[in-house]
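In UniProt numbering, the protein residues as written are 1 to 284. Where a beta carbon is used, it is the ideal one built from N, C-alpha and C, also for glycine.
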């Protein structure tokens with residue numbers, strides 16, 4: 001029995017992450033997160049992926065989402081698997097194994113995973129708090145009250161402009177939209193634009209993991225010139241409706257817990273707040 005990390009197992013990682021998106025499983029890395037990262041291109045995305053296999057099957061997968069942050073997912077049935085947890089902890093602690101670089105690093109790992117306990121024992125500390133929120137999609141979603149359009153190549157400049165304006169320091173471009181749209185996860189995704197009296201005011205990307213599985217909103221943005229008019233709630237409702245049409249069982253969105261306005265917006269759109277999830281970090 002062999003468990004070892006491997007970089008670049010992109011197709012395998014996406015397939016495994018789709019399989020793990022169950023409503024009865026912990027919130028963790030979603031194939032849509034990989035799809036959003038794909039805006040950097042297929043080569044960069046493959047280089048950022050880490051997978052751990054046992055008997056040929058992926059049991060854990062990670063995305064190096066930036067130079068010092070690994071977002072880790074574990075197969076739901078292996079969350080408390082001691083052999084896997086000790087392998088992960090050893091790989092995360094040793095920069096020579098190529099999972100994380102030396103120096104101060106951060107880890108997002110699913111709640112309840114044994115690897116979190118082992119890392120805490122080894123001196124890793126609690127870091128940034130995130131608030132996940134979910135909405136059941138069994139019942140129809142209310143009309144958002146704005147005109148909503150699905151973004152294709154012709155609308156990519158407008159979608160990109162709204163998203164770029166929504167986040168301080170964003171470098172998102174039309175070219176990045178096309179790179180994202182060329183990625184495998186985008187086959188189960190939709191980009192939506194909300195319009196208020198003919199002006200594009202909010203944008204969202206939604207990612208399905210397949211029928212009967214949890215879908216993801218990532219990213220969600222409202223143009224700063226059009227905030228405080230309910231557009232955040234409207235685009236969130238539109239996103240939930242789109243995921244329901246794609247067959248998702250529920251919709252997930254996460255935001256830093258310090259962003260209380262975003263939490264309130266998602267709750268106003270029918271999302272239920274889950275317990276906070278804490279990142280872990282290791283000092284240099």
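Residue i burial status per 10 Å Cβ neighbour count (16 or more: buried)
i: residue 101; result: exposed
i: residue 28; result: buried
i: residue 218; result: buried
i: residue 260; result: exposed
i: residue 96; result: exposed
i: residue 143; result: exposed
i: residue 57; result: exposed
i: residue 182; result: exposed
i: residue 258; result: exposed
i: residue 224; result: exposed
i: residue 91; result: buried
Of the residues the options, the one placed nearest residue i, counting alpha carbons only
i: residue 167; options: 257, 220, 277; result: 220
i: residue 146; options: 181, 196, 111, 109; result: 196
i: residue 238; options: 150, 225, 172; result: 150
i: residue 317; options: 148, 114, 280; result: The shown model of the chain, from 1 to 284, leaves out residue 317, and the question about it has no answer.
i: residue 20; options: 172, 76, 108; result: 76
i: residue 211; options: 188, 203, 229, 226; result: 188
i: residue 7; options: 23, 64, 161; result: 64
i: residue 68; options: 80, 198, 93, 52; result: 93
i: residue 33; options: 185, 53, 85; result: 185
i: residue 248; options: 23, 72, 131; result: 23
i: residue 148; options: 205, 215, 98; result: 205
i: residue 262; options: 230, 108, 215; result: 230
i: residue 160; options: 137, 88, 201; result: 201
i: residue 232; options: 256, 267, 9, 74; result: 267
i: residue 208; options: 252, 51, 120; result: 252
i: residue 9; options: 108, 109, 49; result: 49
i: residue 47; options: 105, 70, 53; result: 70
i: residue 165; options: 226, 99, 66; result: 226
Whole-angstrom C-beta distance between residue j and residue i, which should lie under 8 Å
i: residue 213; j: residue 18; result: 7 Å
i: residue 298; j: residue 31; result: Limits of the chain in this structure are 1 at one end and 284 at the other, which puts residue 298 out of reach.
i: residue 79; j: residue 244; result: Going by Cβ atoms, the distance from residue 79 to residue 244 rounds to 28 Å, so no, they are not a contact pair.
i: residue 45; j: residue 61; result: No, residue 45 and residue 61 are not in contact; Cβ-Cβ is about 13 Å, not under 8 Å.
Legend entry - In chain order, each alpha helix (DSSP H) run of at least 4 residues that lies wholly inside the segment 69–122: 82–93, 114–121
Inset, instruction - Mind listing, in chain order, the continuous alpha helix (DSSP H) runs of no fewer than 4 residues lying wholly within the UniProt domain "N-acetyltransferase" (146–284)? - result: 156–166, 174–181, 231–245, 260–268
Legend entry - Touch test, the segment 173–185 against the segment 148–158, Cβ-Cβ under 8 Å, three pairs minimum: yes
Inset, instruction - Could you say if the segment 238–254 and the segment 184–195 meet the contact criterion of at least three C-beta pairs nearer than 8 Å? - result: yes
Inset, instruction - Tell me, please, whether the segment 37–51 touches the segment 123–142 by the rule of three or more beta-carbon pairs shorter than 8 Å. - result: no
Inset, instruction - Please specify which runs of the alpha helix (DSSP H), each continuous and at least 4 residues long, are wholly inside the segment 4–63, giving them in chain order. - result: 10–19, 31–37, 42–48
Inset, instruction - Take every Cβ of the segment 258–273, pair it with every Cβ of the segment 126–135, and state whether three or more of those distances are shorter than 8 Å. - result: yes
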